[in-house]
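Working notes for the structure below.
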Amino acid sequence: MNPQAKLIFPLSLTLGTTLTISSNHWIMAWTGLEINTLAILPLISKSHHPRAIEAATKYFLVQAAASTLVLFSSMTNAWHTGQWDITQLSHPTSCLILTVALAMKLGLVPFHFWFPEVLQGSSLIVGLLLSTLMKFPPITLLYLTSPSLKPSVLMTMAILSTALGGWMGLNQTQTRKILAFSSISHLGWMAIIIAYSPKLALLNFYLYTLMTAAVFLSLNSIKALKLSTLMTTWTKAPSLNAILLLTLLSLAGLPPLTGFLPKWLIIQELTKQEVALAATIIALLSLLGLFFYLRLAYCATITLPPHTTNHMKQWYNNKPTNTMVAVLTTMSLMLLPISPIILAVV
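So, in structure tokens, the structure goes:
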């Protein structure tokens, strides 16, 4: 890819995201979503591999359908109320259509089928963009329209997402697919709380982005796309592998790591809102996710390949770890003690 294109696509992604999160008119928000979709497609299909082309096609079709539904929802609301303002969504049909559209954009169950396939066809860096930056505009729209959306619909989608994200990730051997199902599971936690405490959902998204970026960049620096490759990387970067273990446990939500903070606050808030049953179910379902994070961590740091002669050992890498990886992993592990400051800021 030539340097001009390398500059144009990230700038377009930034423009599209900024346009959506800063607008209060539906047409401008829709324009931002479209710019984002068009800017990420060349990055997904950059390798010219058939799987990458397939991933780009699937992504385009799903995102185009979701954008159409966003436009249809806003037009229906404008027809009935005369309002194009994002926060003035009040017509019941428009609210339901918008919930479906944003669920498709985010990859919430039952509209999740495209996400693991698209992530599997992309590189790790593009996978990171799809799992974090590309989810920011739809999450912002959910945040702005949350008072109008039905909590029961969001709660059903959230519990199903956490269940299927955990359940379908158990049998995977590809790290990108495991992280895709991890993303679906985390989105369930955001969807369940957004109707009750939108700020808490955003905090969860920020911390999820932080931890997912740390895992994706760590895997990218050791070039681990499969669990079998992950088993042999301890010789290449032992310290990074050890830290990856802790980052994965943080993503699973174990105390005293950063990932425990959003789960703890969400369960607390759901209990205050008298939906303790939903809080209990989603907490139990997160144990499914814990299993595959432990499996990843076990493969990365504890286990060796069964036949060492069949696996090529990787040379020890003497280069210093990327600064970005170091900062993100540190934050992924150590933000829990300063949670009162984080809550004060939020």
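Here our numbering runs 104 ahead of the position in the sequence shown, where the first position is 1. Even for Gly, the Cβ is constructed at its ideal location relative to N, Cα and C.
- Checking the DSSP bridge columns, you'll see Q278 partnered with K330.
- Assignment of H184 by DSSP, reduced to helix, strand and coil, places it in the helix class.
- The shortest C-alpha to C-alpha distance from L306 to any of V213, P241, M428 is the one to P241.
- A distance below 6 Å between beta-carbons, with the five flanking residues on each side excluded, links L334 to the following residues of its chain, in chain order: A328, C403, A404.
- F320 places its beta carbon 8 Å or farther from that of G393.
- According to the DSSP assignment, K367 belongs to the alpha helix (DSSP H) that extends over 364–376.
- Per DSSP, the unbroken alpha helix (DSSP H) holding P114 starts and ends at 107–126.
- Nearest in C-alpha terms to G211, of all of A284, D189, T118, I326, is A284.
- Cα atoms of E158 and L234: separation of roughly 16 Å, rounded to the nearest angstrom.
- A straight line joining the alpha-carbon of A207 with that of A267 spans about 16 Å.
- Residue pairing by DSSP puts H129 in a beta bridge opposite D189.
- In the DSSP assignment, P255 falls within the unbroken alpha helix (DSSP H) covering 255–273.
- The continuous stretches of alpha helix (DSSP H) do not include M238, and DSSP gives it neither H nor E.
- Out of I326, F364, I229, P360, the CA that lies nearest to the CA of A346 is found in I326.
- Scanning its chain for C-beta atoms nearer than 8 Å, with the 5 sequence neighbours on each side dropped, one finds around K281 the residues P220, L223, Q224, G273, in chain order.
- The stretch 238–255 makes contact with the stretch 117–125, as at least three CB pairs between them are under 8 Å.
- Here the C-alpha atom of I386 lies approximately 10 Å from the C-alpha atom of S289.
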